[in-house]
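Notes to accompany the following structure.
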Amino acid sequence: MRWVGVAVTTMTDFDYLFGQASWLTDRYNGYRQRDVATAGYGRQFLNGPVHSFRFEFGPGVRYDEYTDGDTETQPLGYASGTYAWQMTDNAKFSQGVSVFGADDTTVNSETALNVAINAHFGLKVAYNVTWNSEPPASAPEHTDSQNHGLSGLQNVIAAGQ
1 MRWVGVAVTT
11 MTDFDYLFGQ
21 ASWLTDRYNG
31 YRQRDVATAG
41 YGRQFLNGPV
51 HSFRFEFGPG
61 VRYDEYTDGD
71 TETQPLGYAS
81 GTYAWQMTDN
91 AKFSQGVSVF
101 GADDTTVNSE
111 TALNVAINAH
121 FGLKVAYNVT
131 WNSEPPASAP
141 EHTDSQNHGL
151 SGLQNVIAAG
161 Q
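The letter at position 130 of the sequence shown is residue 130 when you use the numbering used here, and the numbering goes up by one with no holes.
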């Protein structure tokens with residue numbers, strides 16, 4: 001299970017400051033909980049009706065509580081890039097990659113297709129890959145992949161993009 005909260009303050013049409021916090025529990029991969037907080041600067045390089053691309057980076061901190069009871073807190077560097085292509089009036093492709101660099105570096109990738117069914121309801125299908133440079137000993141391997149299918153209200157889907 002994962003929760004993410006993001007706050008953004010726009011400085012110009014292209015520049016923004018952000019703060020984000022996330023909580024993850026993934027006992028299969030050795031984490032009772034993983035908390036991450038980051039803050040930084042972002043820039044929207046493309047913001048057209050068809051293509052958009054943004055990049056952001058900043059410092060952060062990560063707290064890991066492993067299933068064996070050990071804990072670790074470490075500073076990290078964060079960088080993320082997201083590209084989106086509005087394929088049709090109701091279909092959007094997106095690709096996002098984020099890196100949390102620390103003693104244990106984590107790379108996340110999400111490839112997604114969002115489809116608006118009507119003005120109020122939509123569908124998102126996504127493929128997520130997470131790679132850890134040093135996963136917990138109880139984790140099966142460095143890479144974890146997941147497929148997701150979500151449906152819901154359009155404003156909920158738009159807020160998560």
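By construction, the Cβ of each residue, glycine as well, lies at the ideal position given by its N, Cα and C atoms.
Helix, strand or coil: how does DSSP classify residue i here?
i, result
"Ile157", "Note on Ile157: pLDDT 43, under 50, position unreliable in the model; no value is reported."
"Gly90", "Reading off the sequence, residue 90 comes out as Asn, not Gly. The answer is coil: DSSP assigns Asn90 none of H, G, I, E or B."
"Asn118", "coil"
Considering only the beta carbon of each residue, do residue i and residue j sit closer than 8 Å?
i, j, result
"Glu65", "Gly42", "no"
"Val125", "Asn90", "no"
"Ala139", "Asn29", "yes"
"Ala37", "Val61", "yes"
"Val4", "Phe18", "no"
Nearest by alpha-carbon distance to residue i: which of the options is it?
i, options, result
"Glu110", "Trp131, Ile117, Pro135", "Trp131"
"His51", "Met11, Trp85, Glu72", "Trp85"
"Pro135", "Met87, Asn128, Pro59, Asp104", "Asp104"
Can you tell me where the beta strand (DSSP E) with residue i in it begins and where it stops?
i, result
"Phe18", "15-26"
Please report the distance separating the alpha-carbon of residue i from that of residue j.
i, j, result
"Ile157", "Pro49", "Model confidence at Ile157 stands at a pLDDT of 43, short of 50, so the residue's coordinates are unreliable; what they give is reported in the following sentence. Distance between the alpha carbons of Ile157 and Pro49 is about 18 Å."
"Ala159", "Thr67", "Only weak support exists for where Ala159 lies, its pLDDT of 45 falling under 50; the value from the coordinates is given anyway. Answer to the nearest angstrom: the Cα atoms are 32 Å apart."
"Ala21", "Val6", "7 Å"
Using a beta-carbon distance below 8 Å, is residue i in contact with chain D?
i, result
"Gln20", "Of the chains in the structure shown, none is chain D; there is only one protein chain."
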